[in-house]
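Everything on this sheet refers to the single structure shown next.
Numbering (this note's numbering), first residue to last: 1380 to 1789.
So this is what it looks like as structure tokens:
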């Protein structure tokens, strides 16, 4: 290592200190931010912010940032002292309310966080950041009605807010304790079958403290025969990020429906408005068909994109099914246009009884569209789907579906 004469160091050291002392408050603020964000050195960043405040004691942005630094450094007492002092000075900056409320939210002081947010909104009524945080706080408190109100207000200001859109969909599933629904599906075949199919499903959904539970009864008329099926599905929450799908169904009318079906998936609400799912579905007719599923979804502004696959292995080969879905949200979580395109048959479709004869191993193409809209607590949907199905090797037929649905929340 190169050694420098003592007298040279003595000359250089004052110059270095002098250069540091001559930095402006803005320059010190910039250096503190760089040190915090790039180096994650909060202790040094705190020292730099304090030095900047010595030069400009009333520089609100630096003081708010100092409070954030103490928060990130887990010095909660010091962070609260900074924010409380700003409150005494009657600071009205949006970032002050956001930083202070975030501190309380991250440390489970939700009532205090809401108090700070509401005060901030009294000065900044159209603040997207404060409204989004308010929705998150109420969602964490299981107060879905207030969370829904906050996110709806935000989306009325900016319908393209990606994070708000993703949260709105999550809140929508839990915002009403009860929901009853009815759905009707009509299918017409030009070659594969002589008779049209008619399927009616009636459901009841109940939101419980651990997640939603859905009981559904289905009646089908296929091949000019009638049959029924009962299904039970649950979506238990494991954490803020993870929840399960657990489902099962039973029918005595094998051929119209599977004898029984089961399914389990692990779902994740990921950062940056991504979603993911991994699980299995099983259908039993005279033998079991096991299908493994995975999907990834992404919210972007008014859009939701999703790609799902079903993989069905057997002793000879592996069959694949893929479906891509795009939704365009017009207002809230229940109002959207959807477009779908894919290959293969999924176990969730009303035509899943065709899987009994290993039709899923033949080529299928599908494309369709759907429109969902709401009026107060009433939800309506209309959809259509076209299938081009290879029902025998080398022989294809067309299927046309129309689906109508109505749900009432209460």
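C-beta: ideal position from N, C-alpha, C; glycine also.
None of the values given here were measured: they were computed from a predicted structure.
Going by C-alpha positions, residue 1497 is about 14 Å away from residue 1515.
Residue 1768: member of the beta strand (DSSP E) spanning 1757–1771, first to last residue. With contacts defined as CB atoms closer than 7 Å, residue 1706 and residue 1717 qualify as a contacting pair. When rounded, the separation of the alpha-carbon atoms in residue 1679 and residue 1624 is 24 Å.
Within the DSSP secondary-structure output, residue 1683 pairs in a beta bridge with 1678 and 1706. By the criterion of a C-beta distance shorter than 7 Å, residue 1486 is surrounded in its chain by 1455, once the five residues flanking it on both sides are discounted.
Beta-bridge analysis with DSSP links residue 1780 to 1566 and 1764. For the 7 Å CB-CB criterion, residue 1541 and residue 1652 form a contact. DSSP, reduced to helix, strand and coil, places residue 1424 within a helical segment of the structure shown. In summary, residue 1479 is buried, with 16 or more beta-carbon neighbours lying within 10 Å of its beta-carbon over all protein chains present. Between residue 1761 and residue 1750 a beta carbon distance of about 5 Å is seen, short of the 8 Å cut, so the two are scored as contacting. If you ignore the 5 residues before and after residue 1481, its C-beta comes within less than 7 Å of the C-beta of 1512, all in its own chain and listed in chain order.
Membership of residue 1608 in the beta strand (DSSP E) is indicated by the continuous run 1604–1615. Here residue 1584 carries a strand assignment [DSSP, helix/strand/coil]. Residues of the same chain with a CB within less than 6 Å of the CB of residue 1431, apart from the 5 flanking positions on each side, are 1404, 1407, 1408 and 1441 in chain order. By the neighbour-count definition (other C-beta atoms within 10 Å, threshold 16), residue 1783 is an exposed residue.
In this structure, DSSP gives residue 1661 an extended state, which the three-state scheme calls strand.
Pairing residue 1608 with residue 1763, the inter-Cα distance amounts to about 23 Å. The Cβ atoms of residue 1641 and residue 1627 sit closer than 7 Å to each other. Taken through DSSP and simplified to helix, strand or coil, residue 1499 comes out as helix.
Contact between residue 1769 and residue 1742 holds: CB atoms are separated by about 4 Å, below the 8 Å threshold. The three-state reading of DSSP puts residue 1536 in helix, counting H, G and I together. Taking C-beta separations shorter than 8 Å and ignoring five residues to either side along the sequence, the partners of residue 1771 in its chain run 1741, following chain order.
Using a Cβ distance threshold of 7 Å, residue 1634 and residue 1786 do not count as a contacting pair. Membership of residue 1412 in the alpha helix (DSSP H) is indicated by the continuous run 1404–1418. Between the alpha carbons of residue 1690 and residue 1523 lies a distance of about 36 Å. Under the DSSP assignment, residue 1599 falls in the beta strand (DSSP E) whose first and last residues are 1590–1601. DSSP places residue 1744 inside the beta strand (DSSP E), whose first and last residues are 1743–1754. Under the three-state reduction of DSSP, residue 1645 is assigned to strand. Annotation: residue 1507 to residue 1548 spans about 17 Å, alpha carbon to alpha carbon. Within 10 angstroms of the beta-carbon of residue 1666 lie fewer than 16 other beta-carbons, which makes it exposed. Pairing residue 1446 with residue 1458 gives a Cβ-Cβ distance under 7 Å.
In the three-state DSSP reduction, residue 1733 falls in the helix class (H, G or I). DSSP, read as helix, strand or coil, puts residue 1460 in helix. With 16 or more other Cβ atoms inside 10 Å of its own Cβ, residue 1670 counts as buried.
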